[in-house]
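J.:
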Amino acid sequence: MEYFLALTTSGIAVGVLYGMLGMAYAVIYKSTGVVNFAQGEVMMLTAYTAYAIASLWDVGFWTLLISVTIIAIFVGLFIEFVFIRPMLGQEVFSIVMVTIGLAVAIRAIVVMIWDADPIPFPSGLPGDTVSVLGVGMYKSQVYSIIVFLALVFIMWVFLRFSRIGIAMRATANLQTTALLMGINVKRVFAIAWGLSAMISAVAGIFIASVQDLMPDMWFNGLKAFPAVIVGGLDSVFGAALGGIIIGLVENYAEGYIGFNLKEIAGFIVILIVLMIRPYGLFGKEEIERV
Amino acid sequence: MRSGHFIESYDKLVNLTDNPVKMAWSWILVLVLALAPLVLDSFWTSICATVLITAIGIIGLNLLVGTTGQISLGHSGFLAVGAYATAILTMDYQVPGIIAILLSGFIAAFFGLIVGIPSLRLKGLYLAITTMAFAIIINHVILNAEDITRGSEGFIIDPLQVFGFSFESDASIYYLSLIILVLTVLGALNLMRSHIGRAWVGIRDHDIAAKVMGINLTTYKLLAFMVSAFFAGIAGSILAFQLQYINVDNFSLLLGIEALSMIIVGGLGSISGSIVGVIFIIFLNELVRITTGIFADDGGTMSLYIHEMKGLLYGVVIVLFLRFEPDGIMGKWRDIKNYWSNWPFHH
C-alpha cells in the first residue's frame with residue numbers, strides 16, 4: 001500500500017508537469033487548430049532563460065517565476081508574429097512543419113549558447129521533503145501541484161469570464177463567425193501563443209528544478225503529447241486531467257512491470273485511446289460535410 | 291503556337307512519361323551515375339551511395355505523405371525495422387543477403403500495416419502523433435530487447451555476399467543501391483500511373499469524396515502505409531550493409547524530421563522531387579561539415595557544434611521553404627518550364 005501511495009504521489013507530481021504542458025498545447029490548438037511541436041523547446045528556452053536571470057541577479061523563486069513568465073509571453077508573441085502569422089491561410093500541415101522546423105532550430109540554439117552539459121537549476125525552492133499521506137515528497141513537487149491547481153483555476157476564470165477568454169472560445173468554435181461578430185481573430189491567435197508560452201514557462205521552471213537543465217529537456221514536450229491526446233487536443237481542462245492520468249500510468253507501469261516502461265507508457269496509452277476514441281477522451285468529434 | 295501542355299489520349303495519360311526527351315535524359319542520367327564511381331574517390335562515392343540509399347526511403351515516404359496525404363513523423367521507425375531485420379536475419383539466422391534485403395522490406399511493410407490501422411480512424415495531426423509514438427516505441431524496444439537486438443551496444447554486420455562476391459567497397463554498395471533505386475523509381479512511377487496511384491491522390495485530395503467515388507479507403511490507405519514502409523525497410527537494409535554497424539542512435543526522431551524536410555524541399559508528391567530533395571539536403575550537410583571543418587582550425591569550437599549546426603540548418607531550411615517555396619524545388623522548376631513553354635502567354 002505504501003508502495004502504491006509512493007507511486008501515486010510521484011505520478012501526480014510528474015503528471016501536473018505534463019498537465020501544464022498539455023494545457024499549453026491545447027490553448028494553441030483550441031484557438032488556431034495547430035499543434036505546436038515546438039512547445040517543449042519553448043519550455044526549454046524559457047527554463048534556460050530563467051537560469052540566466054537567476055545566475056545574474058539574486059532573486060527569489062516567485063520573482064523569478066513571474067519575470068520568466070512575462071519574458072515567455074514575449075517569446076510566444078515573437079514566434080507567432082515572425083513565423084506563424086505569415087503562414088496564415090496555408091494548410092495545417094505546413095504550419096505544423098514550420099513549428100517542427102522551429103523546434104529543431106531552438107534545440108540547436110540552446111545547446112550552442114549554454115552547452116550540452118547538465119546544469120543544476122538554482123530555483124530558490126527549498127530542497128527538503130515534507131510528508132504527505134505518510135509519503136515523503138519534495139517541497140518543490142508540492143509547490144508544483146499548488147501552482148498547477150492555481151493555473152487551472154486561473155485558466156478557467158479567464159476562459160469563462162474575461163472578454164478575451166470569451167473571444168478565444170468564440171474563435172475556437174467557428175472562426176469565420178467570430179470574425180463577423182467583430183472579434184479580432186489575429187489578436188486572438190497572438191494571445192493564444194503568448195498564453196501558451198507563459199504556461200509552458202511555468203512548467204519549464206518546475207521541470208528544471210526537478211531534473212536539472214539538460215539539452216534533452218525538450219523531450220518532456222513530446223512526453224506531454226499523450227496527455228493532450230488523452231484529454232482531446234481541443235480541451236484545455238481535458239489536457240490538464242490527461243497529464244495527471246499519464247503521469248500515474250507511467251509510474252504504475254514502471255513500478256509494477258518495469259522494463260523502463262516509464263519512457264513509452266504514455267505513447268502506448270495514446271495508441272489504445274485513439275483506437276477506441278479517435279478524438280481523445282474529452283475531445284469534440286469533428287463532423288465533416290462534403 | 292504552343293499554348294500549354296495538353297494530354298490528348300488515354301494512352302498518353304497512363305504513359306510512364308509523356309515526353310520522350312525526358313525519358314532519354316533520365317536514361318542518360320542513369321548512365322552517368324553508373325560511370326560516376328570511376329572518376330569519384332572513395333569518400334565521394336560513399337556520400338553518393340548514401341544519397342541513393344536515402345532516395346529509396348524518401349520515395350517511399352513521399353508516396354505516403356505527398357501522394358496519399360497521410361503524415362508520418364515516424365519513418366525513422368520503419369528504417370530501423372528494416373536495418374535491424376537485416377542484421378538479425380543475416381547474423382543470427384544466416385539468411386542469404388539478397389533474400390534478407392527483400393524480407394526486411396516485407397517485415398517493415400508488416401509494421402506499416404500495423405501503424406496504418408490507426409490511420410483508418412485518425413486524421414492529420416492525430417495520425418502524425420501516432421506515427422511518432424510508433425518510432426519512439428520501436429527505439430525503446432530496440433534499446434531494451436537486448437537478447438535480440440544487442441541493445442545499446444549496437445549490431446555489427448558482415449558485408450553482403452552474393453554468389454561469393456562480397457560488397458565491401460564503397461563502389462559495390464554504390465552500384466547495389468543504384469540498381470535498387472532504379473527499380474524503386476520504376477516501381478513508384480508505375481504505381482502512380484496505375485489505379486492505385488490515382489486512388490491515393492483521390493484520398494489525399496478529399497477522402498470522403500474518394501470514398502463516394504468507390505475507392506475503398508481501408509484497402510488503399512493500408513496499402514500506402516505498406517508500400518511506403520516497404521521502401522523504407524529496403525533502404526534501412528542497404529544502410530545496414532553500408533554502415534556494417536548499426537545502433538539505435540542511427541534512427542533518432544531527428545531522422546524522421548530530416549526525411550520530411552527532404553520531401554518539402556524537393557516537392558510533395560513528386561518522385562523526381564524526392565530525389566532532388568535528398569541531393570539538396572545531403573550536400574547541404576556536407577557543405578556545413580566542410581565549412582565548419584575550415585573554421586575549426588582556430589580552436590575547434592565550431593566543430594564541437596556540428597550536430598547543432600545541422601539541426602539549425604534543417605530548421606531554417608524547412609521554415610524558409612514552407613514560407614517562400616511551398617511547392618519545393620520541383621514546383622519552382624515547373625513554374626520556370628511553364629513560363630518558357632507558354633511564352634509570351636504564361637499565366
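Read top to bottom, the protein sequences are chains A and B. For the first sequence, my numbering begins at 1 and goes up steadily by one. For the second sequence, my numbering begins at 291 and goes up steadily by one. Don't be surprised by glycine CBs; every beta carbon is placed ideally from N, CA and C.
#1: Using the beta-carbon count (16 or more within 10 Å), is E2/A buried or exposed?
#2: Suppose contacts are defined by Cβ-Cβ distances below 9 angstroms. Is L369/B in contact with F531/B by that definition?
#3: In chain order, what residues of the same chain lie with their CB nearer than 7 angstroms to the CB of V555/B, ignoring the 5 residues before and after it?
#4: Are the CB atoms of G526/B and V341/B within a distance shorter than 9 angstroms?
#5: Straight-line CA distance for G76/A to I100/A?
#6: List the residues that DSSP assigns as beta-bridge partners of M137/A.
#7: Return the CA-CA distance between A26/A and V35/A, expressed in angstroms with no decimal places.
#8: Compare the C-beta of L222/A with all C-beta atoms of chain B and state if any pair is closer than 9 angstroms.
#9: When the Cα of V188/A is compared with those of M23/A, K30/A and V14/A, which residue comes out closest?
#10: Considering only residues of the same chain and omitting the five flanking positions on each side of I626/B, which have a CB-CB separation below 8 angstroms?
#11: According to DSSP, what are the bridge partners of F368/B?
#12: Between Q39/A, F148/A and E263/A, which has its C-alpha nearest A240/A's C-alpha?
#13: Have a look at F206/A, F237/A and L233/A and flag the residue whose alpha-carbon is nearest the alpha-carbon of I154/A.
#14: Please confirm if Y279/A has its CB atom under 9 angstroms from at least one CB of chain B.
#15: Using C-beta distances below 7 angstroms, list every residue in its chain close to G589/B, excluding the 5 sequence neighbours before and after it, in chain order.
#16: For L412/B, name the three-state secondary structure that DSSP assigns.
#17: With respect to the beta strand (DSSP E) encompassing I452/B, which residues constitute its N-terminal and C-terminal limits?
#18: Could you name each continuous alpha helix (DSSP H) segment of 4 residues or more that falls completely within the region 161 to 196 of chain A, going from the start of the chain to the end?
#19: With 9 angstroms set as the bound, which would you pick, yes or no: does the beta-carbon of S94/A sit closer than that to a beta-carbon of chain B?
#20: Looking at chain A, is there any beta carbon in it that lies within less than 9 angstroms of the beta carbon of M599/B?
#21: Under 9 angstroms between C-beta atoms, does P86/A make it to chain B?
#22: Among L233/A, V104/A and N251/A, which residue has its Cα nearest to the Cα of A172/A?
#23: H365/B and L351/B - do their beta-carbons sit closer together than 9 angstroms?
#24: Have a look at I446/B, L466/B and F445/B and flag the residue whose alpha-carbon is nearest the alpha-carbon of F455/B.
#25: Is P616/B near Q90/A, with beta carbons less than 9 angstroms apart?
#26: Taking C-beta pairs closer than 7 angstroms, name the residues in chain A that A423/B reaches, listed in chain order.
#27: Closest Cβ-Cβ distance between F189/A and chain B: below 9 angstroms?
#28: If we cut at 9 angstroms on Cβ distances, does M44/A have a partner in chain B?
#29: Here's the rule: buried if 16 or more other CB atoms are within 10 angstroms of the residue's CB, otherwise exposed. What is M181/A?
#30: Mind checking the region 230 to 248 of chain A against chain B and listing, in chain order, the residues whose C-beta falls within less than 8 angstroms of any C-beta there?
#31: Return no unless some Cβ of chain A is closer than 9 angstroms to the Cβ of G605/B.
#32: Taking only beta-carbon atoms, is N434/B less than 9 angstroms away from chain A?
#33: Kindly indicate the opening and closing residues of the beta strand (DSSP E) around F457/B.
#34: What does E254/A reach in chain B if we use C-beta pairs closer than 9 angstroms?
#35: Take every Cβ of the region 373 to 381 of chain B, pair it with every Cβ of the region 481 to 497 of chain B, and state whether three or more of those distances are shorter than 8 angstroms.
#36: What does V152/A touch in chain B if you count any residue whose Cβ is under 8 angstroms from its own?
T.: To lay it out plainly:
#1: exposed
#2: no
#3: G567, F570, I571, V607, F611, G618 and I619
#4: no
#5: 15 angstroms
#6: V130/A
#7: 8 angstroms
#8: yes
#9: K30/A
#10: none
#11: None, per the DSSP bridge assignment.
#12: F148/A
#13: F237/A
#14: yes
#15: In this predicted model, G589/B has a pLDDT of only 49, less than 50, meaning its place in the structure is not dependable; the value taken from the coordinates is given anyway. Cβ neighbours of G589/B beyond the five flanking positions: none.
#16: coil
#17: Position check: residue 452/B holds Val in this sequence, whereas Ile was assumed. Per DSSP, V452/B belongs to the beta strand (DSSP E) from L450 to V452.
#18: 163 to 173 and 175 to 180
#19: yes
#20: yes
#21: yes
#22: L233/A
#23: yes
#24: L466/B
#25: yes
#26: F267, I270 and L271
#27: no
#28: no
#29: exposed
#30: L233
#31: yes
#32: yes
#33: F455 to F457
#34: Those within 9 angstroms of E254/A in chain B number zero; the least Cβ separation is about 12 angstroms.
#35: no
#36: Under the 8 angstroms cutoff, chain B gives no residues; its nearest Cβ is about 23 angstroms from V152/A.
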